[in-house]
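One structure is given below, encoded as structure tokens.
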Amino acid sequence: MSALNTPNSLDGRYRILHVVLPFAIAYLLSYIMRSVNAVLSGPLTQEFGLSASELGLLSGAYFLTFAAMQIPLGALLDRREPKHVEAGLLVLAVVGCLISALATNFFWLWVGRGLIGIGVSACLMAAYKAYRLCFPAERQSSLASLMLMVGSFGALIATVPVEFALPVIGWRGIFFTAGALFVLSTLVLLWLLPEMPAPAPNNKPFWSDTWSGAKAAFTHREIQRLIPYAVFTHGGFLAIQGLWMGPWFRVVDGQTSHEAAFSLLILGVVVMFSHMGMSVLGTRFKEFGWSLDRIIVIGCAAMLTLSIGGVFNLWGNSVVSWSFMVIATSITAVGYAKATLAFPVSMAGRASTAINFIVFVGAFGMQWGLGLLVDIAVGLGLQTAEGLRIAFMFWCAAQAFALLWFWRLPVQENQSKP
Numbered sequence: 038m039s040a041l042n043t044p045n046s047l048d049g050r051y052r053i054l055h056v057v058l059p060f061a062i063a064y065l066l067s068y069i070m071r072s073v074n075a076v077l078s079g080p081l082t083q084e085f086g087l088s089a090s091e092l093g094l095l096s097g098a099y100f101l102t103f104a105a106m107q108i109p110l111g112a113l114l115d116r117r118e119p120k121h122v123e124a125g126l127l128v129l130a131v132v133g134c135l136i137s138a139l140a141t142n143f144f145w146l147w148v149g150r151g152l153i154g155i156g157v158s159a160c161l162m163a164a165y166k167a168y169r170l171c172f173p174a175e176r177q178s179s180l181a182s183l184m185l186m187v188g189s190f191g192a193l194i195a196t197v198p199v200e201f202a203l204p205v206i207g208w209r210g211i212f213f214t215a216g217a218l219f220v221l222s223t224l225v226l227l228w229l230l231p232e233m234p235a236p237a238p239n240n241k242p243f244w245s246d247t248w249s250g251a252k253a254a255f256t257h258r259e260i261q262r263l264i265p266y267a268v269f270t271h272g273g274f275l276a277i278q279g280l281w282m283g284p285w286f287r288v289v290d291g292q293t294s295h296e297a298a299f300s301l302l303i304l305g306v307v308v309m310f311s312h313m314g315m316s317v318l319g320t321r322f323k324e325f326g327w328s329l330d331r332i333i334v335i336g337c338a339a340m341l342t343l344s345i346g347g348v349f350n351l352w353g354n355s356v357v358s359w360s361f362m363v364i365a366t367s368i369t370a371v372g373y374a375k376a377t378l379a380f381p382v383s384m385a386g387r388a389s390t391a392i393n394f395i396v397f398v399g400a401f402g403m404q405w406g407l408g409l410l411v412d413i414a415v416g417l418g419l420q421t422a423e424g425l426r427i428a429f430m431f432w433c434a435a436q437a438f439a440l441l442w443f444w445r446l447p448v449q450e451n452q453s454k455p
């Protein structure tokens, strides 16, 4: 891409094509791999004899390695062009897919999934950094919601399409196909993305700058207010969507594998349209005088209430009950916008990756922890379905704590931006 085609020289339509589309494709693929275990959990459990906690640990490997990358990733994004950072990491996603496809035991499955987590760790944050460079502040919330809408479409693809592909190519073929698609996505990034404005010169040693930037982010009051929300509300939803919703439909509701995949498809459609709605309403809320704090509090309260409705099936149909819950998950994009806008552009990469680190540590802990709760319940003589209900009720209680923490922790109005 010619340097003449800088982001500022592109009109709105071409800016969407050259800046938004390449990142959207990569994030779509990353979300497919994040969510695919909800469908693959059956064949993987059958072939490798996995317990609920082992399944949670395997699926959570993605979140653990993804989270570990966020701290150095923030400094990288503030020093290098987003497209170069993301393209380099996607190579590891390709390697992870190949290892997963060839795995013969739990260890190599875990290694492969962990490498996928590292490889896709920049897909969302590199996009947010690029958007921060190329679009005005009032567009950030809408663009964040747009990306999460794209991700929810990836979660949709990881349901029925994967379920129908399984008898044809098997779960190993799914990983081979994903690896090939990651190669294509990398080429699109390098071809379409324009040159970004050069980062400000930074002569500080990389790791000392990394840790000082991380400290500045994690000690900022706005990040501290978002920690329980990021761990339990957002991270918990990723754990549920990426793994435990599938077993819920199969075990608690007694659905077949095909029926469960279709139920997951419905939820994916609802999530996608919810984020689409938030991407449109994001700028409208500001016109109505709604602050980001107000949106988060109302959204979290709605999500908590509707999660309880899902656990107890208050609407008489499990898919309908959980569909109402996932509508409220569109507020997750607002948390990213709030974290990023609390910092100057020079810290945008580290701010967004700081909150993302917390989200994915939470997702790993919740995905594994919910599996442990199920195993403990079964060990005490309860049925697996009862164990899943207990685990989901714990998630609801954690959401309530997160809401109270954010709502009651006062804003430090005079805190200067680092």
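Quick note, the sequence shown lines up with residues 38 to 455 if you use the working numbering. Heads up, the beta-carbon is just placed ideally off N, CA and C, and yes, glycines get one too.
For Pro59, the uninterrupted alpha helix (DSSP H) segment begins and ends at 58–72. About 37 angstroms separates the CB atoms of Phe325 and Val197; that is not less than 8 angstroms, and the two are not in contact. By the C-beta criterion, the stretch 405–415 is judged not to be in contact with the stretch 365–385, since fewer than 3 inter-stretch pairs fall below 8 angstroms. Note that the stretch 281–297 touches the stretch 416–429; at least 3 beta-carbon pairs, one per stretch, sit closer than 8 angstroms. A distance below 7 angstroms between beta-carbons, with the five flanking residues on each side excluded, links Ala267 to the following residues of its chain, in chain order: Gly372, Ile392, Ile395, Val396, Gly399. DSSP places Val348 inside the alpha helix (DSSP H), whose first and last residues are 329–348. Contact between the stretch 61–79 and the stretch 250–261 is absent, with fewer than three C-beta pairs closer than 8 angstroms.
Of the residues Ser137, Gly149, Leu127, the one whose Cα lies closest to the Cα of Gly156 is Leu127. In the displayed model, Arg387 falls within a helix according to three-state DSSP. A direct Cα-Cα distance of roughly 25 angstroms separates Gly154 from Ala297. Around the Cβ of Arg150, a 10 Å sphere holds 16 or more other Cβ atoms; the residue is buried.
In the three-state reduction of the DSSP assignment, Trp442 falls in the helix class. In the three-state reduction of the DSSP assignment, Trp352 falls in the coil class. Check the Cα spacing between Phe361 and each of Val306, Cys171, Lys120: the tightest is with Val306. The alpha carbon of Leu139 has as its nearest neighbour, out of Gly210, Leu180, Ala195, Leu341, the alpha carbon of Gly210. Proximity to Leu95 across Asp115, Val73, Gln107, Arg116 peaks at Val73, based on C-alpha coordinates. Here the C-alpha atom of His257 lies approximately 11 angstroms from the C-alpha atom of Ile264. Lys120 and Leu227 do touch by the CB rule: their CB atoms are close to 7 angstroms apart, below 8 angstroms. The three-state secondary structure of Leu161, taken from DSSP, is coil.
In the three-state scheme derived from DSSP, where H, G and I count as helix and E and B as strand, Gln107 is classed as helix. In the three-state scheme derived from DSSP, where H, G and I count as helix and E and B as strand, Gly402 is classed as helix. For Ala75 against Ala174, the beta-carbon gap comes to about 36 angstroms, at or over 8 angstroms, which does not count as contact.
Shown here for Ala414: same chain residues with a beta carbon closer than 7 angstroms to its own, the five before and five after excluded, namely Glu423, Gly424, Ile427 in chain order. Taking C-beta atoms as the reference points, Thr366 and Val308 count as a pair closer than 8 angstroms. No Cβ-Cβ contact shorter than 8 angstroms links Arg387 with Ala164.
Judged by DSSP in its simplified three-state form, Gly291 adopts coil rather than helix or strand. Residue range 197–229 is occupied by the alpha helix (DSSP H) that includes Leu218.
8 angstroms or more divides the Cβ of Ser389 from the Cβ of Met186. In the three-state DSSP reduction, Gly86 falls in the coil class, being neither helix nor strand. Annotation for Ser249: the continuous alpha helix (DSSP H) segment containing it runs 243–255. Nearest C-alpha to Leu152 among Gly207, Trp208, Phe212: Phe212. Per DSSP, Trp285 is not a residue of any alpha helix (DSSP H), being assigned neither H nor E. Pairing Trp145 with Lys241, the inter-Cα distance amounts to about 38 angstroms. For the options Ser311, Val289, Ser245, Ser344, the alpha carbon positioned closest to that of Phe274 is the one of Ser344. A direct Cα-to-Cα measurement between Val357 and Val288 gives close to 17 angstroms. Counting along the chain, Pro265 sits inside the alpha helix (DSSP H) bounded by residues 258–265.
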